[in-house]
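Visitor:
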Amino acid sequence: MTSRLTRRQRRRISQGVQYAVFVAVLVLIGLGADWDRLQNQFAQKDLASELFPDIITIALRNTVVYTVSGFVFGLVLGLVIALMRLSSVAPYRWVASVYIEIFRGLPALLIFIFVGVAVPLAFPGTEIPGGTYGKVALGLGLVAAAYMAETIRAGIQAVPKGQMEAARSLGFSHARAMVSVVIPQAFRIVIPPLTNELVLLFKDSSLVLFLGVTLQERELTKFGRDLASQTANSTPILVAGLCYLLVTVPLSIVVRRLEARADKAR
Amino acid sequence: MSSMDRPEIEIRGLHKSFGDNEVLRGIDLDIGRGEVVCVIGPSGSGKSTLLRCVNLLEEPTAGQVFVGGTEVTDLDVDIDAVRRRIGMVFQQFNLFPHVTVTENLTLPQRRVLRRDKAEAFEVARRNLERVGLADKADAYPSQLSGGQQQRVAIARALSMGPEVMLFDEPTSALDPELVGEVLAVMRQLAAEGMTMMVVTHEMSFAREVADRVVFMDGGVIVEEGPAERVVGDPQQVRTRNFLMRILDPAAAEQPGDTTSERPAKEL
Ligand SMILES: Nc1ncnc2c1ncn2[C@@H]1O[C@H](COP(=O)(O)OP(=O)(O)OP(=O)(O)O)[C@@H](O)[C@H]1O
Ligand SMILES: [Mg+2]
Numbered sequence: 001m002t003s004r005l006t007r008r009q010r011r012r013i014s015q016g017v018q019y020a021v022f023v024a025v026l027v028l029i030g031l032g033a034d035w036d037r038l039q040n041q042f043a044q045k046d047l048a049s050e051l052f053p054d055i056i057t058i059a060l061r062n063t064v065v066y067t068v069s070g071f072v073f074g075l076v077l078g079l080v081i082a083l084m085r086l087s088s089v090a091p092y093r094w095v096a097s098v099y100i101e102i103f104r105g106l107p108a109l110l111i112f113i114f115v116g117v118a119v120p121l122a123f124p125g126t127e128i129p130g131g132t133y134g135k136v137a138l139g140l141g142l143v144a145a146a147y148m149a150e151t152i153r154a155g156i157q158a159v160p161k162g163q164m165e166a167a168r169s170l171g172f173s174h175a176r177a178m179v180s181v182v183i184p185q186a187f188r189i190v191i192p193p194l195t196n197e198l199v200l201l202f203k204d205s206s207l208v209l210f211l212g213v214t215l216q217e218r219e220l221t222k223f224g225r226d227l228a229s230q231t232a233n234s235t236p237i238l239v240a241g242l243c244y245l246l247v248t249v250p251l252s253i254v255v256r257r258l259e260a261r262a263d264k265a266r
Numbered sequence: 001m002s003s004m005d006r007p008e009i010e011i012r013g014l015h016k017s018f019g020d021n022e023v024l025r026g027i028d029l030d031i032g033r034g035e036v037v038c039v040i041g042p043s044g045s046g047k048s049t050l051l052r053c054v055n056l057l058e059e060p061t062a063g064q065v066f067v068g069g070t071e072v073t074d075l076d077v078d079i080d081a082v083r084r085r086i087g088m089v090f091q092q093f094n095l096f097p098h099v100t101v102t103e104n105l106t107l108p109q110r111r112v113l114r115r116d117k118a119e120a121f122e123v124a125r126r127n128l129e130r131v132g133l134a135d136k137a138d139a140y141p142s143q144l145s146g147g148q149q150q151r152v153a154i155a156r157a158l159s160m161g162p163e164v165m166l167f168d169e170p171t172s173a174l175d176p177e178l179v180g181e182v183l184a185v186m187r188q189l190a191a192e193g194m195t196m197m198v199v200t201h202e203m204s205f206a207r208e209v210a211d212r213v214v215f216m217d218g219g220v221i222v223e224e225g226p227a228e229r230v231v232g233d234p235q236q237v238r239t240r241n242f243l244m245r246i247l248d249p250a251a252a253e254q255p256g257d258t259t260s261e262r263p264a265k266e267l
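For the record, the sequence lines run as chains A and B.
Under my numbering, think of the first position of the first sequence as 1, with each following residue one higher.
Under my numbering, think of the first position of the second sequence as 1, with each following residue one higher.
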């Protein structure tokens, strides 16, 4: 039998069902969870206030420093690899492709362990400049560069061919046209995805955990975990999590705004 | 004195293939100093390719091109230096969208000619005035109409002080009411004695401004001569058919026209 519902009726029923499911799930969670125990373990007010100001001045600050240094290193390396992928010299293209495949295919954790262990082994006596900060920049940057290289390459290819031709017809060399005309336009295209990459890096900076850091070098995750085990309570973890969100949520909103604006400009 | 006698543009036995597709099949063409030559012909006949071979945006498969006595096709020539002397205007304008109108004109001068800021700005101002857009100096390209963008593109090319200007269908991407303003600038340029090679479908412009019209089809020059003869009284069947289609697009190709060597285009 064919249903005789109008489109309006169908839409109402469908929405009603969806709201009902939503409310049912909320109620189940609310009744089922042991809130007292959760609060005891995760939301002790006095414990939380003891975390300040160190969780901001040391942990959050270090997280930001690690992220930014990794991002900058990754951006420079990513740009170089993107240009290599677009090079007319075949070996450059091969090296760039292999790099991208390897570093996109490996867990970031593995690369951190590699940077912490293999680099000092391979080049005995040489220190990575910047100590822990240098190692983190290297570890985060190596991974980020692989993703950013693909993003930047797509951005460069999204710049219309006529731009390069116009520049060449005016007497620009290929390299100068790239620098003055194509890359500035490519970067406008890739700002939203690169900001997204920044959010991912911000979270990946927690992998510093595996490098072994001093007290002053601890970032949010390590800080939260250390204090959680010291106090035998998980409140520091919750606070550390909130600190992440403090940064990542506004960044995500910025990304969405940028994307909306890029859509409009098109 | 002898270099004065040489044509500004000399094209000798030019061939160009894209893979198996032979697009130019032996083009010979001279364009004298101050001469305006319009190149016409059906779509795909190789007009753009010919123009782009003159400033080596396309590399010819065989043959030679000289501009102002310098061989463009010489492998040892400084191509960037040669291109500075050849202005090019594209169908799609190709302004740099990320900078203002003025910066579109100053950026190439500063980066390529190494002019200082003051001079580059002065040259930019003069050329914007020349195309009637001094008041748009601080606008971004996206804020301009197509006709205005194309005039800026012409001003940008002129700012480099070229000896020759190449135009590839400069009005084809424009709304009909904007075509006139661009043609006016080109007409003025021709009157000032610029050497110009213009691919166009604007027959009235060709008739009025061109010293010579070249009709291309299938990668060869089928017919060339003074505008009034090639456009007004074409000798070749292919030229006549093409002009008929251009001037009266609504009329289908005449049935029973057996002299036509090519099948009628679809439509
Ligand atoms: N970069 C390229 N690679 C491969 N084939 C090309 C390339 N550029 C042009 N061609 C081919 O060369 C032929 C001539 O192209 P060209 O653009 O010179 O024609 P045209 O006379 O300018 O036509 P239109 O009036 O449509 O602009 C076409 O068949 C085209 O497909
Ligand atoms: Mg063309």
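All C-beta atoms, glycine included, are put in the ideal place defined by N, C-alpha and C.
With hydrogens ignored, establish whether the beta-carbon of B/V65 is closer than 7 Å to any heavy atom of ligand 1.
Guide: no
Visitor: Would you check if the distance between the CB atom of B/M197 and the CB atom of B/I9 is smaller than 8 Å?
Guide: yes
Visitor: In the structure shown, what three-state DSSP assignment does A/I128 receive?
Guide: coil
Visitor: Among B/S172, B/L174, B/R207 and B/A173, which one has its Cα closest to the Cα of B/R187?
Guide: B/R207
Visitor: Within 7 Å: the Cβ of B/V199 and any heavy atom of ligand 2?
Guide: yes
Visitor: Can you tell me whether B/L95 is helix, strand or coil according to DSSP?
Guide: coil
Visitor: Along the chain, where does the alpha helix (DSSP H) that runs through A/H174 open and close?
Guide: That run of the alpha helix (DSSP H) goes H174 to A177.
Visitor: Just list the residues that DSSP pairs B/A62 with in beta bridges.
Guide: B/H15
Visitor: Going by the DSSP bridge assignment, what does A/G196 pair with across the sheet?
Guide: Inspection of the sequence shows that residue 196 of chain A is occupied by Asn rather than by Gly. The partner list for A/N196 (beta bridge, DSSP) is empty, contrary to what the question assumes.
Visitor: Suppose you measure from the CA of A/C243 to the CA of A/L60; what does that come to, to the nearest Å?
Guide: 7 Å
Visitor: Can you tell me whether DSSP reads A/F123 as helix, strand or coil?
Guide: coil
Visitor: Report whether the distance from the Cβ of A/S169 to the nearest heavy atom of ligand 1 is below 7 Å.
Guide: Checking every heavy atom of ligand 1 against the Cβ of A/S169, none is found closer than 7 Å.
Visitor: Under 7 Å between beta-carbons, which chain C residues line up against B/Q92? List them in chain order, please.
Guide: The structure shown contains no chain C; its protein chains are A and B.
Visitor: Which residue's Cα is closest to the Cα of B/D175: B/V185, B/Q149, B/P7 and B/T70?
Guide: B/Q149
Visitor: Residues around ligand 1, please: the ones whose beta-carbon is closer than 5 Å to some heavy atom of it, in chain order.
Guide: B/F18, B/V23, B/S43, B/G44, B/S45, B/G46, B/K47, B/S48 and B/T49
Visitor: In the stretch 98-122 of chain B, which residues sit with their C-beta less than 8 Å from some C-beta in chain A, listed in chain order?
Guide: H98, L107, P108, R111, V112 and L113
Visitor: Note down, in chain order, each residue of its chain lying with its Cβ closer than 7 Å to the Cβ of B/G193, except the 5 sequence neighbours on either side.
Guide: G34
Visitor: Could you confirm whether any beta carbon from chain B is found closer than 8 Å to the beta carbon of A/P184?
Guide: yes
Visitor: State yes or no: is the C-beta of B/E129 nearer than 7 Å to some heavy atom of ligand 2?
Guide: no
Visitor: Do you know whose CA, among B/R111, B/L158 and B/A157, lies nearest A/A177's CA?
Guide: A/A177 has its Cα closest to that of B/R111, out of B/R111, B/L158 and B/A157.
Visitor: So which residues on chain A does B/N55 lean against when the C-beta distance must stay under 7 Å?
Guide: S169
Visitor: With DSSP as the reference, identify every bridge partner of B/V89, one or two as the case may be.
Guide: B/F167
Visitor: If you check the beta carbons only, do A/F223 and A/I56 fall under 8 Å apart?
Guide: no
Visitor: Does any residue of chain B have a CB that is nearer than 8 Å to the CB of A/F172?
Guide: yes
Visitor: Measuring CB atoms only, is the stretch 188-196 of chain A touching the stretch 256-265 of chain A, in the sense that at least three cross pairs come out at less than 8 Å?
Guide: yes
Visitor: With a cut-off of 8 Å, does the C-beta of B/F96 fall near any C-beta of chain A?
Guide: yes
Visitor: Helix, strand or coil: how does DSSP classify B/F215 here?
Guide: strand
Visitor: Can you tell me which of the three DSSP states A/R153 falls into?
Guide: helix
Visitor: Could you tell me whether the stretch 163-171 of chain A touches the stretch 98-118 of chain A, using the rule of 3 or more Cβ pairs below 8 Å?
Guide: Not touching, per the Cβ criterion.
Visitor: Answer yes or no: the CB of B/D168 versus the heavy atoms of ligand 2, is any distance below 7 Å?
Guide: Because some heavy atom of ligand 2 lies under 7 Å away, the Cβ of B/D168 counts as near it: yes.
Visitor: Determine the extent of the alpha helix (DSSP H) in which A/I55 is found, giving its start and end residues.
Guide: From DSSP, A/I55 is part of no alpha helix (DSSP H); its letter is neither H nor E.
Visitor: Give the DSSP-derived three-state secondary structure of B/R6 in the structure shown.
Guide: DSSP places B/R6 in coil when its eight states are reduced to three.
Visitor: Helix, strand or coil: how does DSSP classify A/I253 here?
Guide: helix
Visitor: Determine contact between the stretch 79-86 of chain B and the stretch 241-252 of chain B, defined as no fewer than three beta-carbon pairs at a distance below 8 Å.
Guide: no
Visitor: Is B/M244 helix, strand or coil when you go by DSSP?
Guide: helix
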